[in-house]
Amino acid sequence: MPSDAVRIAPYWSRFGDFLRYPLRLEALAACLAAGVFSVALEFFFSPLKLLLQILLWVAVLRYAFSVLERTAYGYLDDRYVLFESLHGGRHLPYKHFAAIVAGVVVGVLAAMLGGPHFGGLVGVLLGICWPASIMVLAITNNLGWSLSPLRLWAVMHAIGMPYLGLVACLLLITSASGGLISLLEPVLPTWLLWMTGGAAAAYFTLVMFRMMGYVIYQYHAPLGLQPRVTAAEEEAPQDAAHRIAALLREGRNPEALALARAEVAERPASREANQRLHRLLLAMPDEAAALLAHARGWLPELIAKDRSGLALEVLEALWRSTADFRPQQGAEALALARLAYERRRFDTAARLLKGFDRQYPGHRDTAAAYLLAVRLLIEQRHDYDQAERLLASLKRRFPEQLTEEVARQEALLARLRAVSRAPERTDV
3 MPSDAVRIAP
13 YWSRFGDFLR
23 YPLRLEALAA
33 CLAAGVFSVA
43 LEFFFSPLKL
53 LLQILLWVAV
63 LRYAFSVLER
73 TAYGYLDDRY
83 VLFESLHGGR
93 HLPYKHFAAI
103 VAGVVVGVLA
113 AMLGGPHFGG
123 LVGVLLGICW
133 PASIMVLAIT
143 NNLGWSLSPL
153 RLWAVMHAIG
163 MPYLGLVACL
173 LLITSASGGL
183 ISLLEPVLPT
193 WLLWMTGGAA
203 AAYFTLVMFR
213 MMGYVIYQYH
223 APLGLQPRVT
233 AAEEEAPQDA
243 AHRIAALLRE
253 GRNPEALALA
263 RAEVAERPAS
273 REANQRLHRL
283 LLAMPDEAAA
293 LLAHARGWLP
303 ELIAKDRSGL
313 ALEVLEALWR
323 STADFRPQQG
333 AEALALARLA
343 YERRRFDTAA
353 RLLKGFDRQY
363 PGHRDTAAAY
373 LLAVRLLIEQ
383 RHDYDQAERL
393 LASLKRRFPE
403 QLTEEVARQE
413 ALLARLRAVS
423 RAPERTDV
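Be aware that the sequence shown starts at 3, since it is given in my numbering, and climbs by one per residue.
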């Protein structure tokens with residue numbers, strides 16, 4: 003019976019893919035940056051150097067955790083996807099450091115209470131649990147769960163004997179990093195050795211985290227995880243993307259466009275398929291009308307489901323060819339304006355809000371659009387006079403709506419005006 007579990011190749015058959023993963027452009031840039039910063043940090047004095055080294059590894063681990071999470075959810079070929087973490091993962095490196103400290107404390111206590119042999123045994127058990135702890139932390143963002151023996155045992159039991167193989171692989175990779183530096187130490191100058199050490203540490207970290215993410219993906223059913231991309235879905239966009247790229251290289255643009263349209267017709271909800279078609283239409287000046295028609299159909303779904311900013315990129319690309327384009331619905335325009343405001347793309351937000359009441363007459367969100375425009379005028383353009391006029395118009399036209407927020411903006415305006423009118427102190 004075909005299933006994802008059958009289609010997914012076992013992790014031990016993909017060692018080459020794991021080793022090549024950090025050679026992708028984004029991952030390679032992260033490794034090289036780690037190497038360069040490792041050299042730069044050697045010129046700082048000790049306390050500051052230690053702090054900066056910790057911050058460097060916070061950055062490397064944050065990226066590594068994102069690699070683990072998106073691999074676990076089935077994004078194996080992330081050149082063609084935009085991934086949004088379920089929990090953000092900003093504090094995962096710090097929680098990982100806390101888990102390491104907790105493990106060290108347990109090991110030391112075991113050695114103190116039971117002697118060195120017992121301490122060594124506990125250390126081995128902690129080392130075996132370490133990959134499971136990282137996997138639990140990456141998926142749940144919960145430090146307590148990543149330290150829970152019951153949860154760690156559940157992960158190891160769900161994966162079974164292959165989990166021990168994973169532990170052995172990770173141990174070999176960790177040893178390879180140190181072995182590489184030992185081999186290069188006699189032949190490289192000191193500064194290049196520092197750079198190589200930093201880049202190699204980041205490289206092997208990404209290999210390990212990619213491997214752990216893939217193991218979660220391979221065993222997602224017993225682990226109770228639902229991938230966002232199934233094995234069949236992963237193959238389909240890759241195949242279509244490769245065929246479209248091949249046609250473009252051969253100069254067969256109409257055929258590439260036809261294939262992209264067919265892919266969207268077959269998978270209308272696919273963000274990757276729609277993105278490929280959008281980019282193709284953008285690159286073809288004669289397809290301006292088709293670009294506009296496709297965007298009008300795609301934007302509402304992007305606005306409703308996507309918070310990565312892709313909807314804003316689509317909108318801004320449309321403006322370059324169709325300057326007067328506006329979303330069809332006022333609710334869509336306001337949602338885009340709010341997203342632009344959150345993403346600090348203030349010019350885009352202002353353009354969406356300009357003339358909102360004329361573009362969408364009688365719309366129920368007009369008051370909310372006015373209020374967002376007031377915030378832009380106050381916070382970004384510092385145009386207090388225009389903000390005051392807009393607030394007065396808002397109160398006159400919508401006296402019962404958003405009264406508390408209007409009052410807050412009026413109080414803010416009053417404070418700002420008081421500050422701007424206050425005479426400057428001069429020293430005599």
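Think of the CB as a built atom: it goes at the ideal place given N, C-alpha and C, for glycine as much as any other residue.
inquiry  = Quick check for students: name the residue ranges of the beta strand (DSSP E) that lie wholly in the stretch 174 to 258, counting only runs of 3 or more.
reply    = List check, beta strand (DSSP E) in window: nothing returned.
| request: Check whether the Cβ atoms of L336 and A371 lie closer than 7 Å to each other. | output: In contact: L336 and A371 (Cβ atoms closer than 7 Å).
Evaluate Q411 with the Cβ neighbour count: other Cβ atoms within 10 Å of its Cβ, from every protein chain shown; 16 or more gives buried, anything less gives exposed.
Flag for Q411 reads buried.
Through-space distance from S395 to S48, alpha-carbon basis:
Distance between the alpha carbons of S48 and S395 is about 60 Å.
- request: Out of L173, L182, L227, point me to the one whose CA is closest to V138's CA.
  value: Nearest option by C-alpha distance: L227.
Cβ distance (whole Å) where E187 is taken to contact L194 below 8 Å
About 11 Å; that fails the 8 Å criterion.
Q: May I have a chain-ordered list of the alpha helix (DSSP H) segments no shorter than 4 residues that lie completely inside the stretch 32 to 117?
A: Complete alpha helix (DSSP H) runs here, min 4: 48 to 74.
(message) Am I right that R64 and L94 are in contact with their C-beta atoms under 8 Å? What's the rounded C-beta distance?
(response) R64 to L94, Cβ: 7 Å. Contact.
- request: Just tell me which of G311, R322, D349, F358 has its CA closest to the CA of P329.
  value: Nearest in C-alpha terms to P329, of all of G311, R322, D349, F358, is F358.
* With 16 other Cβ atoms within 10 Å as the buried cut-off, status of M114 -> Classification for M114: exposed.
Considering G2, what are the terminal residues of the alpha helix (DSSP H) in which it resides? With the chain covering 3 to 430 only, the question about residue 2 has no answer from this structure.
Q) Looking at C-alpha atoms only, which residue of R353, K397, V217, L261 is the closest neighbour of A134? A) When each option's Cα is compared against that of A134, the closest is V217.
Kindly indicate which three-state DSSP category T368 falls into: helix, strand or coil?
Reduced to three states, the DSSP call for T368 is helix.
| request: Find out if the Cβ-Cβ distance for the pair G200, G76 is shorter than 7 Å. | output: No, Cβ-Cβ distance for G200 and G76 is not below 7 Å.
Take the Cβ of E334 as the centre, count every other Cβ of all protein chains shown within 10 Å, and call the residue buried at 16 or more, exposed below.
By the 10 Å Cβ count, E334 comes out buried.
For W14, which of F39, L70, L166, S148 has the nearest alpha-carbon?
Taking each of F39, L70, L166, S148 in turn and checking the Cα distance to W14, the smallest one comes out for L166.
**OP:** Please say whether R278 and A262 have beta carbons closer to each other than 7 Å?
**Re:** Yes, they are a contact pair.
Q: Going by CA-CA distance only, name the one from S184, Y221, N143, D288 that's closest to M163.
A: Closest by alpha carbon: Y221.
- Task: Keeping to the same chain, check which residues put their C-beta closer than 6 Å to that of E315; ignore five residues upstream and five downstream.
- Result: Correct list: empty, nothing qualifies.
With 16 other CB atoms within 10 Å as the buried threshold, where does L58 fall? L58 comes out buried.
**Prompt:** So Y386 is in the alpha helix (DSSP H); what residue range does that whole segment cover?
**Reply:** The continuous alpha helix (DSSP H) containing Y386 extends over residues 386 to 399.
What's the call for R273, buried or exposed, on a 16-neighbour Cβ count within 10 Å? Flag for R273 reads buried.
Where A352 and P256 are concerned, what is the direct C-alpha to C-alpha distance, given to the nearest angstrom?
Going by C-alpha positions, A352 is about 37 Å away from P256.
Nearest-angstrom Cα separation, counted from A101 out to L149: Roughly 7 Å separates the two Cα atoms.
Closest to A223 by CA distance: which of E407, H159, L54, A275 is it?
Proximity to A223 across E407, H159, L54, A275 peaks at H159, based on C-alpha coordinates.
Proximal residues to P229 (C-beta, below 7 Å), its chain only, five neighbours per side dropped
If we look at P229 and ignore the five residues flanking it on each side, its Cβ neighbours are Y75, G76, Y219, H222.
Margin query: In this structure, how does DSSP classify A416 when only helix, strand and coil are distinguished?
Written below: Three-state result, A416: helix.
Span of the alpha helix (DSSP H), counted from its first residue to its last, around W14: Segment: none, W14 is in no alpha helix (DSSP H) and carries neither H nor E.
#### Entry: Contact under 7 Å by Cβ, L70 with G215
Against a cut-off of 7 Å, the Cβ pair of G215 and L70 comes out as a contact.
Leaving aside the five residues before and after V440 along the sequence, list all residues of the same chain whose C-beta is less than 6 Å from its C-beta, in chain order.
Here the chain covers residues 3 to 430 and nothing more, so residue 440 does not appear.
- Query: Where does the unbroken alpha helix (DSSP H) through Q361 begin, and where does it stop?
  - Reply: Note, Q361: alpha helix (DSSP H), 358 to 361.
Please state the DSSP three-state secondary structure of F327.
Assigned with DSSP and collapsed to three states, F327 falls in coil, not helix or strand.
What residue range does the alpha helix (DSSP H) around L304 cover?
290 to 307 is the extent of the alpha helix (DSSP H) around L304.
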